[in-house]
Structure formats: structure tokens, C-alpha cells
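The letter at position 102 of the sequence shown is residue 102 when you use full-length UniProt numbering, and the numbering goes up by one with no holes. We put the CB at the ideal spot given by N, CA and C, even for glycine. Quick caveat: nothing in here was measured; it's all calculated off a predicted structure. Just below is one structure, and these are the notes that go with it.
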Amino acid sequence: MSGDRRKEIVRHLSEDDLNRLLSEADDPKVVRRLTFVKNLYKGDSLEEAADRVGKSESTGSRWARRWNEGGLGQLTPNFGDGRPPKFGEDEQEQLLEMLRDGQPWQPQEIQHLINDEFGVEYHPVYLGEFLKDLGLSYAIPRTKRPSRPDNAEEILDERVSDALAEDTEEPHNKREDDEEGWVVDEDVCTDGGTVAGFFDASHPQPYDNSRRLWYVDDPHHERPLVKIFEPAVGFYALNGESVVSFPEDQTKERICECLERIREQNPATRILLVLDNHFAHTCEFTRKRAHQLGIDLVFLPVGSPDLNPIEQIWKSLKWEASPLIVESANEFRALVSELFEQLTSRLSFAKSWIDEFLSSRLQFFS
């Protein structure tokens, strides 16, 4: 239990010296830290000693480490009067190390940390600028999936390289136990360059109960809400025609129909398609049909949806579509199609992906 966690504390000062310093101190920050050390002297656990002075166990752990390493000088920075000191390079490195240890942080938590540890106060407006200058990012944290390999980017880079390097006459993604008959359809032409894009399904809906709305009496919806049951399946093309479809389900047959539509909209080119490991994507039926259509499937590493830029397309589409009022499912499908076309016209959603996985291979797309 964290409450039983004990910390070996170096007795740089006697208890009498600590008591003397406490009686002379007039800075509440100094009093709080010295009281914390005194509590450890008395046998408190880290959590108990920190809790008595209104701090978390992680803060107490930092204070104890600094005390053990350098005594009073390390524990109590210069909290003198006047304008708060600026961060020097050493202090910035020290702050970064603290932020790495406890990330992610809320802005107010960082404000308290900077104030307690360095005696510096930032106005909230300038705190964000300071943190960006330090190299921090301000974003909604993603949950890392346990199945995601640590080298997911390296795996995907190798798969993209393999797909582009392969002779287009040879079956891509054909496995040893697959049936024969992996032949490109006679009416499919793939010698007009390469189109790269991203494939995924989503379930946008024409309503959003999480937004605040203006109301006079009671904040309830009285209009009927349209419900869409089938998925939206999209192809976000970097240098070709993007496509969105609304199949009745995500079976392998329906997925292959979506691939056929992608081929229709991108004729006379080889197609490099990045997608996840849904069974309807990885089964032999789909892999074989993709080859027949001249489409090379590049499967993402397991648990790595963040490596598919179309995820950001869906996120933006849902945000823009959710507050709009539609009268029918057909009207909503038309709205989704329009928004999808607008959003996929931007390469900004895939800029970092292009930089990481395609920048050295652009000759394949010229």
C-alpha cells in the first residue's frame, strides 16, 4: 500500500536545528517543506508526510530526493521577494524531467509545480506559450493499446517499403496456404503511376447530446433523431480520388464492393491502400480480390489506429456533422459524403504520415 511506503531520509540537520529553522522561517513554502522533512524524521511514510502538508505522494517523493541529495539548499530554492526569477537552461531541464515523470499534466497542476519547485508564477495566458517553447504538446491523450508493438512505426515503414518494392505482376499479401488464381483482372491497368490512400469504416450519427445549446425553459430535444445503422466506409486518397460508401455491413463481400468502387474512381493506376486488421480486410477472399483489382493492401501493426490518418478525417467529420439538423437518413448520407469530400481534399491530416513514411519514396508517385 502507498501509505506504508517508507523513505530513508538523510539527517543533514538535527531535529533541534529543524525546529529552529521552522521557528525562524516566514515563507510558507519553506515552512511546508521543512515540516515535511520533520514528519519523515518522526517516522511518517511518504504519503503521510506529504498529506500532512497538503501535497501528493509524488511531490513528497521529489522533495525527499532533493533533501537527500543536497539538504536544505536543494530542498528550498530561493523564494526571495520581488519579481520571480526567470528559468535558466538548467532549471528548464530540471522542469522537463519532472514533467516527464508525471505526465500527462493539467495546466493548473503545472502552475502549482512551477510555483512550488521554482518560485515562479506564470499568467495562464503565457504559461501555454512557455510550455510550447519547452517542446510540450497540448492534446487529448491517447490510450495506448496493450497489443501495440513498441516498434509499430518501424513495422509500418517496412511494410510500405515492401509493397512499393514488389513487382506488380507478383501477388502481394499472398500466403503459402492460399488458393491459386491470384491474377490481376484483364480490364485493370496499373501502369499509370501509384495512388496512395487510407481505408477505414466509421459510424457517424446525425445528432450530438454533448454540446451545450441555448434554451428558454427545459433543455430537451423534441425533434425526432435520425438513426443510421450501416457504416460509412471511406478511402482517403493522397493523390487520387477519395471515395465514401455506405454498405449494409462490413462483411468481406461488402468490403470488396468498396474496393471495386475505389478502383472505378482511380483507373489506370496502382493503388496502395493502408488499412487495419479487421478480419474482413485480412481474410484470403479480400486479399485475393484486392490483388485482382491491382490494389496492394498495407496492413497496420496491431493496435495502431493512430497510424491511419483517416481516423482524423472521421473525427473532424463527426464534429462538423453532429450539430446539423437533417430530416432523413438519405439526407444525412448526402451530408456525410459532402463533408468527406471537403475534408479529404486536405493533405494536412496526413502530413506527418507522408513525412515519416513517404518522403523518401516520392519517386513512386511521380
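| request: For the beta strand (DSSP E) holding SER245, just list the boundary residues, first then last. | output: Residue mapping note: residue 245 aligns to position 245 of the sequence shown, counting from 1. Unbroken beta strand (DSSP E) run through SER245: 243 to 245.
| said: Contact defined as beta carbons within less than 8 Å: I believe GLY294 pairs with ARG270. What is the distance between those atoms, to the nearest angstrom? | reply: Reading the sequence shown from its first residue, position 294 is the one you call residue 294. Reading the sequence shown from its first residue, position 270 is the one you call residue 270. About 6 Å separates the two Cβ atoms, so the contact holds.
| said: Buried or exposed for ARG175, going by 16 or more other Cβ atoms inside 10 Å? | reply: For the purposes of this step, residue 175 is taken as residue 175 along the sequence shown, with counting starting at 1. Exposed, by the Cβ-count rule.
| task | Taking 8 Å as the cut-off, decide whether the C-beta atoms of VAL226 and ALA329 are in contact. | result | To locate residue 226, count along the sequence shown from 1; it is residue 226. To locate residue 329, count along the sequence shown from 1; it is residue 329. Contact: yes.
| Expressed to the nearest angstrom, what Euclidean distance is found between the alpha-carbon atoms of ARG65 and THR35? | As a first step, residue 65 must be located in the sequence shown, where it is residue number 65. As a first step, residue 35 must be located in the sequence shown, where it is residue number 35. Approximately 15 Å between the Cα atoms of the pair.
| Any alpha helix (DSSP H) of 4 or more consecutive residues that is wholly inside the segment 20 to 81 | Entirely contained in the segment 20 to 81, the alpha helix (DSSP H) runs reaching 4 residues are, in chain order, 28 to 41, 46 to 52 and 57 to 75.
| task | Specify, as a first and last residue, the run of the alpha helix (DSSP H) that ASP355 falls within. | result | Stepping through the sequence shown from its first residue, residue 355 is reached at position 355. Looking at the DSSP string, the run of the alpha helix (DSSP H) that includes ASP355 is 351 to 357.
| message | So within the segment 297 to 357, which uninterrupted alpha helix (DSSP H) runs reach at least 4 residues, ignoring any that extend past its ends? | response | 310 to 321, 329 to 343 and 351 to 357
| said: Could you pull the DSSP bridge partners for SER202 from this structure? | reply: Taking the first residue of the sequence shown as position 1, residue 202 is located at position 202. SER202 is bridged to ALA232.
| Okay, do the segment 306 to 318 and the segment 190 to 203 touch, 3+ Cβ pairs below 8 Å being the bar? | Contact holds: three or more Cβ-Cβ distances are below 8 Å.
| Rounded straight-line distance, which links the Cα of ALA163 to that of LYS318 | Within the sequence shown, residue 318 is the residue found at index 318, counting from 1. Within the sequence shown, residue 163 is the residue found at index 163, counting from 1. If you draw a straight line from the Cα of LYS318 to the Cα of ALA163, it comes to about 32 Å.
| request: Would you check if the distance between the CB atom of ARG159 and the CB atom of GLY303 is smaller than 8 Å? | output: Within the sequence shown, residue 159 is the residue found at index 159, counting from 1. Within the sequence shown, residue 303 is the residue found at index 303, counting from 1. Result no, Cβ atoms of ARG159 and GLY303 do not sit closer than 8 Å.
| task | Return the CA-CA distance between ASP306 and LYS351, expressed in angstroms with no decimal places. | result | For the purposes of this step, residue 306 is taken as residue 306 along the sequence shown, with counting starting at 1. For the purposes of this step, residue 351 is taken as residue 351 along the sequence shown, with counting starting at 1. Using only the alpha carbons, I get a separation of about 13 Å.
| request: Could you give the DSSP three-state label for VAL274: helix, strand or coil? | output: Here residue 274 corresponds to residue number 274 of the sequence shown, with the count starting at 1. Correct three-state label for VAL274: strand.
| request: Would you kindly report the start and end of the unbroken alpha helix (DSSP H) that includes PHE285? | output: Within the sequence shown, numbered from 1, the residue matching residue 285 stands at position 285. It spans 284 to 292 - the alpha helix (DSSP H) in which PHE285 sits, taken as one unbroken run.
| task | Ignore the nearest five residues each way along the sequence and tell me which others in GLY54's own chain have a CB closer than 8 Å to its CB. | result | For this step, residue 54 is matched to residue 54 along the sequence shown. Cβ neighbours of GLY54 beyond the five flanking positions: ARG32.
| said: Tell me which residues share the same chain as PHE299 and place their Cβ nearer than 6 Å to its Cβ, disregarding the 5 neighbours each side in the sequence. | reply: Position 299 of the sequence shown holds residue 299. So the list reads ASN277, once near-sequence residues are dropped.
| Inter-residue spacing [alpha-carbon to alpha-carbon] between GLY135 and LEU238 | In the sequence shown, residue 135 corresponds to position 135, counting from 1. In the sequence shown, residue 238 corresponds to position 238, counting from 1. Whole-angstrom Cα-Cα distance: 29 Å.
| request: Can you give me the start and stop residues for the alpha helix (DSSP H) that VAL184 sits inside? | output: Translated into the one-based positions of the sequence shown, residue 184 becomes position 184. No alpha helix (DSSP H) holds VAL184; DSSP gives it neither H nor E.
| Enclosing alpha helix (DSSP H) for SER161 [first to last residue] | The residue you call residue 161 lines up with position 161 of the sequence shown. Note, SER161: alpha helix (DSSP H), 152 to 165.
| Through-space distance from ILE255 to ARG263, alpha-carbon basis | One-based indexing of the sequence shown puts residue 263 at position 263. One-based indexing of the sequence shown puts residue 255 at position 255. Cα to Cα, ARG263 sits roughly 13 Å from ILE255.
| field | Alpha carbon of LEU18 to alpha carbon of ASP26, nearest angstrom | value | Along the sequence shown, read from residue 1 onward, the residue named residue 18 stands at position 18. Along the sequence shown, read from residue 1 onward, the residue named residue 26 stands at position 26. Each residue's Cα considered, the two are about 14 Å apart.
| query | Just the Cα atoms here: how many angstroms apart are ASP16 and ASP150? | reply | Start at 1 with the first residue of the sequence shown, and residue 16 comes out as number 16. Start at 1 with the first residue of the sequence shown, and residue 150 comes out as number 150. Here the alpha carbons of ASP150 and ASP16 stand approximately 52 Å from one another.
| Limits of the alpha helix (DSSP H) - the one that HIS172 falls within | As a position in the sequence shown, residue 172 is number 172, starting the count at 1. First-last for HIS172: undefined, no H or E at that position.
| message | Please identify the residue among GLU257, VAL336, TYR122 and ASN266 whose C-alpha is closest to the C-alpha of ASP191. | response | By one-based count along the sequence shown, residue 191 stands at place 191. Checking every option, the nearest Cα to that of ASP191 belongs to ASN266.
| query | Going by Cα to Cα distance, which pick from GLU69, ILE310, HIS291 and ILE114 is closest to CYS189? | reply | Against the sequence shown, residue 189 aligns to sequence position 189. When only C-alpha atoms are compared, the closest one is HIS291.
| query | Per DSSP, THR194 is paired with what? | reply | Here residue 194 corresponds to residue number 194 of the sequence shown, with the count starting at 1. Under the DSSP definition of a beta bridge, THR194 partners with ARG270.
| query | Can you tell me where the alpha helix (DSSP H) with GLY88 in it begins and where it stops? | reply | Mapped onto the sequence shown, residue 88 falls at position 88. Secondary structure note for GLY88: it is in no alpha helix (DSSP H), with a DSSP letter that is neither H nor E.
| request: May I ask you to report which of helix, strand or coil DSSP gives ALA237? | output: For the purposes of this step, residue 237 is taken as the residue at position 237 of the sequence shown. DSSP places ALA237 in strand when its eight states are reduced to three.
| field | Counterpart residues of ILE110 in DSSP-defined beta bridges | value | Within the sequence shown, the letter at position 110 stands for residue 110. Paired residues: none, contrary to the question.
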